[in-house]
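Line by line, the protein sequences are chains F and X. Take -8 as the starting number for the first sequence in the working numbering and just add one per residue. Take -8 as the starting number for the second sequence in the working numbering and just add one per residue. Only one structure is covered here, and it is reproduced in the block below.
Number of protein chains: 2
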Amino acid sequence: MTDRNLFSDAITQAHLFSGLGEEEVSRIFGLGRRSVYPSGATIFREGDPAVMCCLVLAGRLKLTKLHEEGKEIIVRYVPAGELAAAAALFAEKKYPVTAQVVDQAEIIGWDHETMKDILLTHPRLAVNMMRVVIERLEELQSRHLELHAERVEQRIARALLRIMEQSGRKTEEGILIDFRLSRRELADYTGTTLYTVSRTLSSWEKQGWIASGRERIVIIDPHALMLFAEKD
Amino acid sequence: MTDRNLFSDAITQAHLFSGLGEEEVSRIFGLGRRSVYPSGATIFREGDPAVMCCLVLAGRLKLTKLHEEGKEIIVRYVPAGELAAAAALFAEKKYPVTAQVVDQAEIIGWDHETMKDILLTHPRLAVNMMRVVIERLEELQSRHLELHAERVEQRIARALLRIMEQSGRKTEEGILIDFRLSRRELADYTGTTLYTVSRTLSSWEKQGWIASGRERIVIIDPHALMLFAEKD
DNA sequence: GGTTGTCTTTGCGCCGGCGCAAACAAGGGA
DNA sequence: TCCCTTGTTTGCGCCGGCGCAAAGACAACC
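Okay, structure coming up:
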């Protein structure tokens, strides 16, 4: 069993390839180009012509979007098994975000011609992919609503919980977020400033809900955070 | 020529049906259920089981999302020719938003079984539909960024311009937004309060950039607004 | 025509969160 | 090992925007 199959085993389970045979998936994988990127690498940049649809096989990406003069937001973290840059399906489009590697990552990319062919010959995959995109849309709608309706501290709590669910690793201390995550990044993700994030985390640390260090956060009491996020 | 064909003429041009033959579109239309709703009617409610994908043939919908205790945002206005509730493609899903009729509207709806069949037998339509959803996603990402990075007044300016592009009608006074749009709704769309919107519009009215009345806005000087939205 | 309900305007006071500045902490590289 | 870069904390002052309250404007309906 080659490592290609090894991956498809893991990925086939995912929504994206549900309903497709294993060898079908293998063939589709064969049409893409696989590569490994080091931590910190930029896969593509916002505004560049979109040439490749990417599937993350291992590691993690960070998608960011820039506003005039430096302000940036983190649109999403992309864990292994998920798609980035579905927009690249359409030839004339530009990447709407920048993708950077957080953990060392392995990625498989298809150019639009290829991907469009694949979709037209595997309608099942097209429907699955639509589902993925729609779910992304719904998640973003929810975050958008949070941004309107909730105080900053609640948004930070929710963000921590969301990231914890995606990337938490149980340790004896509590649930560790297993990639470098700075105050600055958390601020860009929640739409606030690094100062406010720092103050907030400090206060939670005093309450014993979390423990944190340089680019490192451990959630000790998720339940307390959850209550805090929900409370009026 | 029946009025069904009349509509397909108008709609076929749209992205959604590009690359499909006219009779093919006709047949697809035939599989859905058409109905007319009066202004103010609710087509579906957030949280209800999603049963129908809707295409707006005429009129306009407003999509809203609720937060605990009354706060609501307007996710989007859906003009004629566009899809609402693509999520309803997937049987177990719930509507993520509430859809209400703004102008009297004619709508064609397909249940998930039907729509999924259509997509699986018309991969071309699936790809087109993906494009529509992806463009929606990108628009929302942009608005999300604006919400982070821009002052309230700039967001209101941008919102007005966006709505003007979609629904502006040229009059001798200026460009009229041709549906009822209250201060409250503009506030829910831009993530602020009706007070702030009112104050802002008043000030612009004094500058001669707009004219407004009860649930009615005319943009006199779009260029001024554009500069204002862009300015640092 | 009068009445009623909804939409809008504007004054006023308050406060959450921003952002500079400055000090401190933690790595990483030579 | 020391230095230098990058991240974090915290004090302090300021202000944009919120939200109540009360009055005015408009539309619709009897």
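C-beta: ideal position from N, C-alpha, C; glycine also.
- request: Report all residues from its chain with a CB closer than 8 Å to the CB of X:L22; omit the five preceding and five following residues, and keep chain order.
  value: Listed in chain order, the non-local C-beta contacts of X:L22 below 8 Å within the same chain comprise W101, T105 and I109, local neighbours out to five positions each way being set aside.
Residue-level contact to chain X via CB, F:M217, 9 Å cutoff: No, because no Cβ of chain X sits closer than 9 Å to the Cβ of F:M217.
query: Would a C-beta distance cut-off of 9 Å place F:F35 and F:A90 closer than the cut-off?
result: Yes. Within cutoff.
For F:F35, the three-state DSSP class (helix, strand or coil): Here F:F35 sits in strand by DSSP.
- prompt: Is it true that the CB of X:R51 sits closer than 9 Å to the CB of X:Y68?
  reply: Taking 9 Å as the Cβ cut-off, X:Y68 and X:R51 qualify as a contacting pair.
- prompt: For the beta strand (DSSP E) that contains F:S203, what are its first and last residues?
  reply: Bounds of the beta strand (DSSP E) holding F:S203 are I201 to G204.
- prompt: Using a Cβ cut-off of 9 Å, which residues of the stretch 106 to 125 of chain F contact any Cβ in chain X, in chain order?
  reply: Listed by position along the chain: K107, L110, L111, T112, H113, P114, R115, A117, V118, M120, M121, R122, V124 and I125.
message: What would DSSP say about F:L11, mapped onto helix, strand or coil?
response: Look at F:L11 here: in three-state DSSP terms it is coil, with no helix or strand label.
message: Could you tell me the alpha carbon to alpha carbon distance between F:K56 and X:H135, rounded to whole angstroms?
response: Those two C-alpha atoms are separated by around 10 Å.
task: Using only alpha-carbon positions, find the residue among F:C45, F:Y186, F:R153 and F:G31 that is nearest to F:H250.
output: The question about residue 250 of chain F has no answer here: the residues shown for chain F are numbered -8 through 223.
- prompt: At what residues does the alpha helix (DSSP H) containing F:T108 begin and finish?
  reply: First, the residue type needs correcting, since residue 108 of chain F is Asp and not Thr in the sequence shown. Bounds of the alpha helix (DSSP H) holding F:D108 are H103 to T112.
Nearest neighbour of X:E73, chosen from X:Y86, X:A32 and X:L7 [CA to CA]: Minimum Cα distance to X:E73 is reached at X:L7.
- prompt: Does the Cβ-Cβ distance between X:R115 and X:L11 come in under 9 Å?
  reply: The Cβ atoms of X:R115 and X:L11 sit closer than 9 Å to each other.
message: Cutting at 6 Å between CB atoms, please list the residues of its own chain near X:T(-7), excluding the five before and the five after it.
response: Residue confidence is low: X:T(-7) scores 44 on pLDDT, short of 50, so the model does not pin down where it sits. Its coordinate-derived value is still stated next. Cβ neighbours of X:T(-7) beyond the five flanking positions: none.
query: What is the C-beta distance between X:R233 and X:L185, in whole angstroms, given that I count them as a contact (C-beta under 8 Å)?
result: Because chain X spans -8 through 223 in this model, residue 233 of chain X falls outside it and cannot be assessed.
query: Using a C-beta to C-beta distance shorter than 8 Å, which residues of chain X count as neighbours of F:L138?
result: Correct list: H135, L138, H139 and G182.
- prompt: Would X:R127 count as contacting chain F if we go by Cβ distances under 9 Å?
  reply: At least one CB of chain F lies nearer than 9 Å to the CB of X:R127.
- prompt: Taking the alpha helix (DSSP H) that F:I154 falls in, what are its first and last residues?
  reply: DSSP places F:I154 in the uninterrupted alpha helix (DSSP H) bounded by V143 to S158.
Cutoff 9 Å: X:V69 Cβ touching any chain F Cβ: No, its Cβ sits nowhere closer than 9 Å to a Cβ of chain F.
- prompt: With DSSP run on the structure shown, which of helix, strand or coil describes F:Y28?
  reply: Three-state DSSP puts F:Y28 in a strand.
- prompt: Grouping DSSP H, G and I as helix and E and B as strand, with all else coil, what is X:S116?
  reply: Residue 116 of chain X is actually Leu in this sequence, not Ser. Here X:L116 carries a helix assignment [DSSP, helix/strand/coil].
task: Go to F:E63, then tell me how far its beta strand (DSSP E) extends in each direction, as first and last residue.
output: Judged by DSSP secondary structure, F:E63 falls within the beta strand (DSSP E) whose first and last residues are E63 to P70.
task: For X:Q91, write down the residues that DSSP places opposite it in a beta bridge.
output: X:T33 and X:K53.
message: Cutting at 8 Å between CB atoms, please list the residues of its own chain near X:M120, excluding the five before and the five after it.
response: L7, L74, A77 and L110, listed in sequence order.
- prompt: What's the C-alpha gap between X:G61 and F:E137?
  reply: Each residue's alpha carbon lies about 13 Å from the other.
- request: Check each candidate in F:A41, F:R205, F:D169 and F:Q145 and name the one with the smallest Cα separation from F:E156.
  value: Checking every option, the nearest Cα to that of F:E156 belongs to F:D169.
From F:E97, F:R207 and F:L192, residue whose alpha carbon lies closest to that of F:R149: Of the listed residues, the one whose Cα sits closest to F:R149 is F:L192.
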